[in-house]
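J.: Once you know that position 159 of the sequence shown is 159 in the UniProt record's numbering, the rest is easy, because the numbers rise by one and skip nothing.
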Amino acid sequence: MENNTHKENSTLTQVVDDVAAGINDAAPTFTTEEELEPEGNGKQAVRYLLWGIISVIVNFGTFFLLFKAFHLNYQFANIVAWLLSVQTGFWIDRVIVFHHKSNTAFREMMAFYATRIITYLIETAALWIGISLLSADGGVTKVFGQILAIIGNYIFSKFFIFRSKSVAK
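1. What number of angstroms, rounded off, separates the C-alpha of Ala114 from the C-alpha of Phe159?
2. Cβ of Ala77 within 8 angstroms of Cβ of Leu66?
3. If you draw a straight line from the alpha carbon of Phe98 to that of Val86, how long is it in whole angstroms?
4. If I follow the unbroken alpha helix (DSSP H) through Asn103, where does it start and stop?
5. Counting C-beta neighbours from all protein chains within 10 Å, is the total for Arg107 16 or more, i.e. buried, or is it exposed?
6. To the nearest angstrom, how far is it from the Cα of His71 to the Cα of Asn153?
7. In this structure, how does DSSP classify Arg47 when only helix, strand and coil are distinguished?
8. Let me confirm a value: Ser10 is counted as buried when at least 16 other C-beta atoms fall within 10 Å, else exposed. Which label applies?
Spelled out as structure tokens, the structure:
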């Protein structure tokens with residue numbers, strides 16, 4: 001019996017050691033900044049738009065889940081959806097879109113939220129002007145406001161939050 005327990009422990013220890021060795025020997029998932037080839041703004045913009053769809057899905061999915069399925073207040077559902085989608089957008093932009101590496105993720109996250117608040121206010125102003133002052137169609141105005149917000153978000157992210165070290169100097 002004792003021999004069997006010792007055999008199981010050594011097998012488990014061997015598996016853990018093998019996994020640890022594999023992790024330690026693995027190449028980095030993302031290349032370092034020095035290894036990244038310079039890419040055009042167009043390529044980043046396309047990545048920003050395509051990957052940004054995930055943030056939109058998180059936003060709409062959370063809103064409809066909380067509002068329709070759980071019958072929570074629409075304003076509460078909207079703010080929770082906004083917070084989750086901005087958090088999702090931060091990590092997508094940081095890791096996938098701009099391949100940004102730094103030791104200041106929390107500071108960048110706070111700046112990201114601040115800029116998202118600014119573009120949220122821009123979108124809200126566009127809705128107010130379009131719907132309340134100009135009596136424009138709400139759907140068209142919402143799309144226009146979203147376009148302004150997306151453009152603003154991209155500019156803030158690329159040139160202020162996730163700028164490369166060579167640009168920052």
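Idealized CB from N, CA, C, for every residue including glycine.
Bear in mind that the values here come from a model prediction, so they are computed numbers and not experimental data.
T.: Concretely, from the data shown:
1. On the sequence shown, residue 114 is found 114 positions in, with the first residue counted as 1. On the sequence shown, residue 159 is found 159 positions in, with the first residue counted as 1. The straight-line gap from Cα to Cα measures roughly 14 angstroms.
2. For the purposes of this step, residue 77 is taken as residue 77 along the sequence shown, with counting starting at 1. For the purposes of this step, residue 66 is taken as residue 66 along the sequence shown, with counting starting at 1. In contact: Ala77 and Leu66 (Cβ atoms closer than 8 angstroms).
3. If you number the sequence shown from 1, residue 98 lands on position 98. If you number the sequence shown from 1, residue 86 lands on position 86. Approximately 16 angstroms, taken between the alpha carbons.
4. Here residue 103 refers to the residue found at position 103 of the sequence shown. From DSSP, Asn103 is part of no alpha helix (DSSP H); its letter is neither H nor E.
5. For the purposes of this step, residue 107 is taken as the residue at position 107 of the sequence shown. The residue in question, Arg107, is exposed, as its Cβ has fewer than 16 Cβ neighbours within 10 Å.
6. Taking the first residue of the sequence shown as 1, we reach residue 71 at position 71. Taking the first residue of the sequence shown as 1, we reach residue 153 at position 153. Roughly 31 angstroms separates the two Cα atoms.
7. To locate residue 47, count along the sequence shown from 1; it is residue 47. Arg47: helix per DSSP, three-state reduction.
8. Position 10 of the sequence shown, counted from the start, is the residue given in the question as residue 10. With fewer than 16 Cβ atoms within 10 Å of its Cβ, Ser10 is classed as exposed.
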